[in-house]
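Colleague:
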Amino acid sequence: MSDKQKRQVVKLHKSFLEEIEACKVLERQGQQGFSSLVNIAERLPHVMSEKGTKYGVLDSMDNVRVLLQQRHFESLEKTSTYIAQVIQGFFDRVENMQRAMSTCADVLDQLPVVDQHLFVVELMEWMENVLTMYEREAGRKKGLGQHLEYWNVSDLQARQARWLSSSVHGHIKADYGTLTRTLAMVVDAVTAASST
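Quick note on the UniProt record's numbering: the sequence shown kicks off at 1 and runs consecutively.
Below you can see the structure in the form of structure tokens.
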């Protein structure tokens with residue numbers, strides 16, 4: 001394996017890890033989006049109620065109830081759009097992971113059988129396993145973001161509870177992180193060896 005190929009594999013591995021971190025950020029953003037959606041949906045029945053709802057100083061305004069209802073529905077739509085964008089971002093990151101793994105596989109395929117280093121094969125297996133988890137998780141998140149019913153607060157709360165990949169419904173196993181550290185040490189060792 002040439003130094004150029006080693007550097008290319010290391011670069012692809014780092015890119016793959018960056019996409020994983022970006023997915024974690026998107027997951028937190030989606031959790032915040034669902035939290036906002038639940039909060040707005042919980043207030044909606046109060047705003048929609050015709051029975052003696054008092055708005056204090058706002059009662060002196062014309063059509064205050066209509067304006068508040070409009071604002072709440074706009075907020076629900078805006079938050080739903082935000083969640084859809086987060087899910088699309090998650091899919092985009094998974095596609096980037098697929099590209100990095102595919103390129104790494106191309107490098108591996110160019111190596112003669114006797115020259116294939118064990119770390120590259122292990123790295124490919126690890127990337128494949130992690131990619132599979134993230135692909136399944138992306139599909140699960142897509143399902144959670146579809147057909148949102150604003151009036152069904154309990155359904156929104158259930159979706160929020162299932163959003164994180166660390167939930168019992170998630171497809172990403174937490175133990176892949178220990179493999180990340182092990183592989184990172186191997187990659188660092190290879191990088192150091194190739195630079196000397």
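All residues carry an ideal CB built from backbone N, CA and C; glycine is no exception.
Can you check which of these residues, Ile-20, Gln-69 and Ser-80, is closest to Val-38 by C-alpha distance?
Modeller: Selected option, being the one with the closest Cα: Ser-80.
Colleague: Give me the Cα-Cα distance between Ile-40 and Met-124, rounded to the nearest whole angstrom.
Modeller: 44 Å
Colleague: Hey, would you say Val-94 sits closer than 8 Å to Ala-138, going by beta carbons?
Modeller: yes
Colleague: So what's Ser-154 in DSSP terms, helix, strand or just coil?
Modeller: helix
Colleague: Should Leu-12 go down as buried or exposed, given a rule of 16 or more other Cβ atoms within 10 Å for buried?
Modeller: buried
Colleague: So which of Arg-136, Ala-158, Arg-159 and Trp-126 has the shortest CA-CA distance to Asp-175?
Modeller: A check of alpha carbon separations from Asp-175 across Arg-136, Ala-158, Arg-159 and Trp-126 identifies Trp-126 as the nearest.
Colleague: Does the beta-carbon distance from Val-121 to Val-9 come in below 8 Å?
Modeller: no
Colleague: Where does the unbroken alpha helix (DSSP H) through Gly-170 begin, and where does it stop?
Modeller: Note, Gly-170: premise wrong, no alpha helix (DSSP H); not H, not E.
Colleague: Between Met-133 and Lys-173, is the Cβ-Cβ spacing less than 8 Å?
Modeller: yes
Colleague: Do His-72 and Arg-43 count as a contact pair if the criterion is CB distance below 8 Å?
Modeller: Contact: yes.
Colleague: Considering just the uninterrupted stretch of the alpha helix (DSSP H) at Pro-45, what are its terminal residues?
Modeller: Here the alpha helix (DSSP H) through Pro-45 covers 3-48.
Colleague: Would you report the Cα separation of Glu-21 and Gln-32, rounded to the nearest angstrom?
Modeller: 17 Å
Colleague: Looking at Lys-142: is its Cβ nearer than 8 Å to the Cβ of Ile-87?
Modeller: With respect to the 8 Å criterion, Lys-142 and Ile-87 are classified as neighbours on the basis of their beta carbons.
Colleague: Where does Asn-96 sit, in a helix, a strand or coil, going by DSSP?
Modeller: Assignment of Asn-96 by DSSP, reduced to helix, strand and coil, places it in the helix class.
Colleague: How many Å lie between Phe-90 and Cys-23 at the Cα?
Modeller: 6 Å
Colleague: Give the secondary structure of His-147 by DSSP, where H, G and I count as helix, E and B as strand, and everything else as coil.
Modeller: Looking at His-147 - three-state DSSP - the assignment turns out to be coil, as it is neither helix nor strand.
Colleague: So, with DSSP's three-state summary, where would you put Asn-63?
Modeller: coil
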